[in-house]
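Using this note's numbering, the first residue of the sequence shown is number 82, and each one after it goes up by one.
Backbone N, C-alpha and C fix where the C-beta goes; we use that ideal spot for every residue, glycine too.
As C-alpha cells, the structure follows; a few thoughts come after it.
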Amino acid sequence: MSKTTRTVCPFCNLGCELGFEVKGRDIRRVDYVSDSRNEGSLCPKGNAAAEIANHRKRLYHPIIKGEQASLAEAIGYLRQRLTDFKPDEVLVVYDASLTYEEAALLAAWTRGAGYENLAYVTLGPESAFLYGKPPATSVEKITTGEYAFIVGDAFGQDSVISGYLGKAKGDNRKFRYIVVDAFETNTSHFAHRFVQVKAGYEGLFLYGLYKHIANEKIDLESIAEACGVEVSTFEAVALMIRNKDGVLVNAPSRGRSFDHFLTHAAALGLAGVLEQMRYLPLGRRVPSGVRSSFYSYLPMLMGGRIKAVVSFGAYFPWGQPQLKPVLRKAEFVAAGALFIPDGRFELELVLPMAAEIEKQGSILTLFGEAKLTGELPPLSGSLPAGEYIRRLGGTVKPVESLVGNHEALDDAAIDERAEALVSYKAKRRRGRDYLLVGTQSAIGFLSIFEEEAWVKLSPEDASSLGVKDKEEVGIETEQGEAWLSTRIRRGIPSGVAVVSTNHQPSLALFELGTDSATGEGLLKPSWSRIWKR
C-alpha cells in the first residue's frame, strides 16, 4: 500500500513543501501539498525531486581508487588515510547540502580531530548572500506589495516566486513589475519597466539607484554610461518604488555579473533606505555555519601546504569543472557524490551521499528555518554526511556557536567596488568578440528535463556568423571549447552570447577567479570566439 511522505524542497531558498507517493522506497511520483505555504506549487526543480531520488546514475557504493568498495571499507580507508597527514595539511570541506545539525557536528568533529582548516564551498553567486543578511520574510509581506523590483530572471530560475508576486498583482491593479537585466528573459516579459543594462553591470545600476535615492553625491552620469542607460532612468525607477510597499528580488546566475557582491550589497543598502522595501536574495541555499571560504585556501592548495582535501558535501567538486586542475595538486582527495562521476575526474575516494530530500534536519530559507523530515529513507548504500562523521568516530568537541553570516560590506567597500566597475574594461584577445554570459533556468536543473546544450545569439550576430537556428557553432574561451546548438533570439544584445550554466561543458567555458576582498570564488562573463561548424 502506498503512502505520502512530506518534506521541504532543498534546491533553492524558498523552501517549498512537497510530498512523495511511495511504496517502501519505491517513489511513484511527486505529490503536491496544497496545505502548504506554496499551496502545492513547485518549479521544475521541485518536480525533479523524485527523479533525483530514483536517478539511474545515483551512486550507491563507495569508490576507492576507481574500484567498488563497501561502506565499512571506505570509512576505514578514509580514517587510515587521514593519519598520513599533519592536522594543518588537511582541509575539511562542506557545502549547502548539509543540514544545520550536520554542519555543527562536522565543526565539532574537525575541532576534536585537531584539524585547523574547515571551509564551506558555494557553487555560484549566492556566496554574496553570506555577507550581511536581510530579515526573514513572510508570504503575506510578499503578496501584499505595490511593486516587485527584480534583478535577473527570477521567474525562469525559481518560478514559484512568480505565484507569490502574481497574487500581489491580482489583488492590486496598480501593482508594477520593474526588471533589470542584460537581455530579455521569462521575467522581463512581465515588466512594466524593463531596464536593459550592459551585460554584467546589473550591480552597478542597482548601486547608482541606491545612492540616488539616498541623496548621496556620486557621478551618476559615469555610472549611467557604464551601464548603457540614460541618466533619467534612475529617477524614473525611483518614482516607481519610493514611498511604496514592495519587494526587491535579486536572482543571480553564474557567469552573469561582473560583481554579484556589489549587487547584493547595493540591494541591502537600498532596502535600508526604503523602509517599506523587503529584500529577497533568491537562489540556491548557502551553507549553514559560516567558516572560511574554500577559495581562500586555493593559494595553500596550489603551494602544497594543503595536502589532503575531504569533502562531506554532495555537490563539491562535481558542480565546478574548473576545480579539476586545482584538486590534482593535493595528494589525497575524498568527496561525497550523489551521482556516479562522469569521465576521468579521478578522486582517490568517492562516498555515496544521501540526497537532501532523504535527510532529517534543519535548513534555512527566506521564510526562516525549515525542517527536512527524513521520511524518505536514503538510497541503499548511501549515507547522510552526519552518519559518515559518526562512523568515523574520534573525539568530538562542540563549538560554542556557528557563525550565521559574515558582516555586510561597509559603505567604503561598496563605493570602491562601484568605482572599479565604472572604470572596468573587460580584457579580450584578438578574435574573441563575443561576451559569454550565463543563465540557469529551473528546467535545466541537473539536466534532468532538458540538457540545454545551446547558445543564444542575436539575429544580427547569427547573420554575421552565417548560422541558422539550431545549427551548431563552436565556442572557445581561455578555458576550452564546446560545440553548441544555436538559438536565435531577439532581445539578446549584439556581441553577447548566452549559455546555460546548468550544462557542464558550457559551465566549463567560464574562468574561475576569486574576489580579492572576500576570497570567494567568481565566475564572471568571459570573452569568446564563435564560429560556424
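With a threshold of 16 other beta carbon atoms within 10 Å, T88 meets it and is buried. Between the alpha carbons of Y228 and L445 lies a gap of roughly 26 Å. The region 100–179 is shown to contain whole alpha helix (DSSP H) runs of 4 or more residues at 125–128, 130–135, 152–163, in chain order. Between G281 and V518, the gap from beta carbon to beta carbon is short of 8 Å. Taking a contact as a CB-CB distance under 8 Å, the pair D262 and Q277 counts as one, their CB atoms being some 7 Å apart. The alpha-carbon of F413 is positioned some 26 Å away from that of G561. Taking L211 as the centre and dropping the five residues before and after it, the same chain places the C-beta of V367, V371, N486, H487 closer than 7 Å to its C-beta, in chain order. Using a Cβ distance threshold of 8 Å, S122 and E98 do not count as a contacting pair. Per the DSSP secondary-structure output, L604 pairs in a beta bridge with L593. Just so you know, the alpha carbons of I470 and E559 end up roughly 39 Å apart.
Around the CB of D492, fewer than 16 other CB atoms lie within 10 Å, so the residue is classed as exposed.
Comparing alpha carbon positions, the residue from E311, A295, I294 closest to E302 is E311. Closest by C-alpha distance to G475, out of L355, K248, T191, is T191. Counting only runs of 4+ residues, the alpha helix (DSSP H) found wholly inside the region 277–363 occupies 283–294, 301–308, 313–322, 341–354, in chain order. Looking only at L186, G247, G195, the smallest Cα-Cα distance to N119 is reached by G247. Straight-line measurement puts the Cα of K126 at about 14 Å from the Cα of N135. A249 is positioned such that its CB atom lies no closer than 8 Å to that of V260.
E183 and Y201 have their C-alpha atoms roughly 13 Å apart. In this chain, the beta strand (DSSP E) harbouring T558 covers 553–558.
Pairwise C-beta distances place the region 155–165 out of contact with the region 341–359, as fewer than three of them are shorter than 8 Å. Counting only runs of at least 3 residues, the region 446–497 fully encloses the following beta strand (DSSP E) elements, listed from N- to C-terminal order: 449–454.
Residue pairing by DSSP leaves D252 without any beta bridge partner. Judged by their CB atoms, Y288 and A347 are nearer to each other than the 8 Å cut-off. Using a 10 angstroms sphere on the CB of H270, the tally of other CB atoms stays under 16, which defines it as exposed.
For the pair R139 and F375, the CB atoms are not nearer than the 8 Å cut-off. Ranked by Cα distance from S463, the first of S443, A435, R472 is A435.
Rounded to the nearest whole angstrom, the CA to CA distance from N296 to D326 is 20 Å.
Beta-bridge pairing by DSSP links D262 to Q277.
C-alpha of S539 to C-alpha of V391: approximately 44 Å in a straight line.
If you draw a straight line from the Cα of V114 to the Cα of G100, it comes to about 6 Å.
When the beta-carbon positions are compared, E456 and S178 stay at least 8 Å from each other.
In the structure shown, P540 falls within a helical segment according to DSSP collapsed to helix, strand and coil. About 5 Å separates the CB atoms of G417 and L432; that is less than 8 Å, so the two are in contact. In the structure shown, the three-state DSSP call for Y396 is coil. Between the alpha carbons of A352 and P215 lies a distance of about 9 Å. Between the alpha carbons of E553 and G572 lies a gap of roughly 21 Å.
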